[in-house]
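1 is the number of the first residue of the sequence shown in UniProt numbering; add one for each residue after it. Have a look at the structure below, then the notes.
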Amino acid sequence: MRIAVFGSKAYDRRFLTAANQASCHDLTFVEPRLDDATAVLAAGFPAVCVFVNDRLDAAVLEVLAAGGTRFVALRCAGYNNVDLRAAERLGIAVVRVPAYSPHAVAEFTVGLMLALDRNIHRAWARVRENNFALDGLIGRNLHGRTVGVIGTGQIGALVARSLRLGFGCDVLASDVAPDPALEAIGVTYTDPTDLLARSGLVTLHCPLTPATRHIIDAAAIARARDGLMIVNTSRGALIDTAALIEGLKTRKLRGVALDVYEQEADLFFEDLSNEIVQDDLFQRLLTFPNVIVTGHQAFLTEEALTAIAEATLASLSDAEAGRALQHRIGPEVIRSGPPR
Ligand code: NAD
């Protein structure tokens, strides 16, 4: 199948090309992201392959459909950037990679927690200048702390397990569907308000939906325990950034680590080191000593990239052969509400 791979980076080319040895698709790597300006580049391609910040709204999907595209393959798990109803109306099947390596994201999340808690980011910067003073670097043990996990699906469950069994934390969780296996190891489910009031550290692993957008907003921060630390490796819009900044300025929040950011589509995955970034909220975030931001890289392991490439191309092989699409985003998801 002829596949246009949008927003492709060197690592996409490397892992998709390797996986394609088995699939023999005709891959065309397109550097720009898919949006209304670039959608015409897909003309004549029955399939496009996209990532988290490609924009597949109704207008873009209409251009794709007019150009003959019938399949969209997301090389990621989340699909909040796709207007699924429009895709269904236009006869475009959307597949994703529901599970490539939850370990990659879970491990990165724990890494961010430790770095934030123990000031590893600041220590590294100091040592590079031969400053070995320890003032200001006092952290806290994870052991014995109360940590809240919002969303205990594949990734959240691994984080909860690691915190509970590995670090000996008291783990509170919030999910619309509690996991009995986590309860069996002592994870306690509660509502998000209670979780925020009792946790010293909260990590977000629920998907971005209308119900979870800005789940961390000014009201939630006001109700939270003083000195709360927040880690978000899920989706940026789970957090209201302005409220986060206010919480940091008033010291209600002790620290924040983000791998995702609500307006990341204008920033992440690009080298902007010679540009003037116009996003003042984002720039303000970077000024806090107790904030760590990474550019949506929690998924970025060799294992995950291999699994993503193999699953994506396998789905497109199924599509080409007319087989059932195992990882198609189905009508039950489409009916559950408009994407964000
Ligand atoms: P998953 O579907 O396995 O788990 C999501 C969990 O959230 C489910 O248990 C679901 O019941 C729960 N949930 C749904 N609505 C909720 C609500 N209102 N409140 C609390 N919980 C709710 O997904 P996953 O594979 O664990 O991925 C979690 C998120 O991580 C995804 O949304 C994805 O966007 C993000 N992600 C980020 C990266 C990265 O590189 N930073 C990589 C992969 C996934």
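By construction, the Cβ of each residue, glycine as well, lies at the ideal position given by its N, Cα and C atoms. Quick caveat: nothing in here was measured; it's all calculated off a predicted structure.
Local Cβ density within 10 Å of F299, reported as buried at 16 or more and exposed below that: buried
Nearest to T203 (by Cα), restricted to the options C76, T109 and L134: T109
S23 versus S317: straight-line alpha-carbon distance, rounded: 7 Å
Contact set for D35: own chain, Cβ-Cβ below 6 Å, skip 5 residues either direction: R55
Helix, strand or coil at G166 according to DSSP, with G and I counted as helix: helix
Element boundaries [beta strand (DSSP E), containing L71]: According to the sequence displayed, residue 71 carries Phe and not Leu. Looking at the DSSP string, the run of the beta strand (DSSP E) that includes F71 is F71 to L74.
Per-residue DSSP class, three states only, for M113: helix
4-residue-minimum alpha helix (DSSP H) runs that sit fully inside the segment 10-50, ordered along the chain: The segment 10-50 contains these whole alpha helix (DSSP H) runs: 10-23.
For R198 and M229, believed in contact at Cβ under 8 Å, the rounded distance: With a Cβ gap of about 14 Å, M229 and R198 do not count as contacting.
Beta-carbon proximity of A304 to Y100, cut-off 9 Å: Yes; because the gap between Cβ atoms is below 9 Å, this pair is in contact.
Where the alpha helix (DSSP H) through V63 begins and ends: A58 to A66
S174 (DSSP reduced to helix, strand or coil): strand
Minimum length 4: unbroken alpha helix (DSSP H) runs contained in the segment 258-306: 280-286
heavy atom of ligand 1 below 8 Å from A224 C-beta: No, since every heavy atom of ligand 1 falls outside the 8 Å radius drawn around the Cβ of A224.
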